[in-house]
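Single-structure report; data block below.
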Amino acid sequence: MDQLDAIYLTKHRQIIEALTTEMQECRLKPYDRLPSEKELCEQWQASRSTVRKAMDQLADRGNIFRVPGKGSFVSFPKISHNVSQVLSFLEKMKAQGLDVVTKLIQKQIIEPNEEIRAALKLDNGARVLKIQRLRIVKGEPLVLQTAFMPSNICGELMKADLELESLNYLLREQCNIKLSRSDILIEAPILSTKERQLLGNPRVPIFLAVVGLTFDQNDKPIRFSRGIFRGDRVRLKISDSSVFELNYSDLLG
């Protein structure tokens, strides 16, 4: 490493350490806007590439996040989900020492739209059971989960307490259905006013939608799900590409 590289790394590390210290000492708090790259260049007498590398590393660590057109902001400490673990949502939260409150928003038989009917391979006129729940962690809404299943899938689901029981557990133990795999799509959602309200109208409106089609032991589609996560509070960890086919249903249950 030559002397120029040493100076570059030293300046880059100084910026990271200084901003990290300000966050740890609460001089920079969650959602505070950070100085622009231009302002940091002037403050540290550093090149744009040096500042950008420091900011990239802070973003990779999850210390900050970027909003296009608005700048960089201090992140709220995020809750991690390792989707390669064969655990329910509640078990994953408990493993991190977090208590979860589940609020049942809706449980009723409805007419499915064309997307749901096609995904579940339903005949015309068939109806579905819609279950929508809001997950609250550490007093804040974290994810709004909506599941659609054939209305005749299992009578026990209409009687079950879905604020206390995992849907995966009920399907397995009460309905004798084994979840084998899920096809997953991750996208940036367009939320309704009601969905934003349920998720707490976060100051920084970053959301992530996980759409899944789950199959039973006979490879029959039995659940179409949509989970809307608050991107300012949660990080989805994917350890292996096979997760998308094998274990992601646990996150949706």
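Using the working numbering, the first residue of the sequence shown is number 143, and each one after it goes up by one.
No residue lacks a Cβ here, since even glycine has one placed at the ideal position from N, Cα and C.
What you are looking at is a predicted structure, and each value in this text was computed from that prediction instead of being measured.
Item: For my contact list, THR356 and LEU321 are in at a C-beta cut-off of 8 Å; report their separation, rounded to the angstrom.; Value: 6 Å
Item: Using alpha carbons as the reference points, say which of LYS171, SER178, CYS168 and ALA196 lies closest to GLN156.; Value: ALA196
Item: For GLY369, collect the residues of the same chain with a Cβ closer than 6 Å to its Cβ; drop the 5 residues on either side in sequence, then sort them by chain order.; Value: VAL285, GLN287, VAL352 and LEU394
Item: Going straight from the alpha carbon of GLN359 to that of ASP241, what length do you get?; Value: 31 Å
Item: If you measure between the beta carbons of ILE251 and PHE366, is that distance less than 7 Å?; Value: no
Item: Along the chain, where does the beta strand (DSSP E) containing SER324 start, and where does it finish?; Value: 323-329
Item: Grouping DSSP H, G and I as helix and E and B as strand, with all else coil, what is SER178?; Value: coil
Item: Which residues in the same chain as GLU253 place their Cβ atom closer than 7 Å to its Cβ, once the five residues preceding and following it in sequence are excluded?; Value: ARG269
Item: Are three or more beta carbon pairs between the region 167-180 and the region 205-218 nearer than 8 Å?; Value: yes
Item: CA-CA distance, SER324 and LEU262?; Value: 12 Å
Item: To which residues does DSSP link LYS249 through a beta bridge?; Value: ILE273
Item: Do the region 172-184 and the region 197-214 make contact, defined as three or more Cβ pairs closer than 8 Å?; Value: yes
Item: So which of GLU298, LYS280 and ALA188 has the shortest CA-CA distance to VAL243?; Value: LYS280
Item: Going by the beta-carbon positions, is the gap between LEU304 and LEU340 smaller than 7 Å?; Value: no
Item: Using beta-carbon positions only, say whether LEU271 and SER293 come within less than 7 Å of one another.; Value: yes
Item: Pull up the distance between the alpha-carbon of TYR311 and that of LEU299, whole angstroms please.; Value: 11 Å
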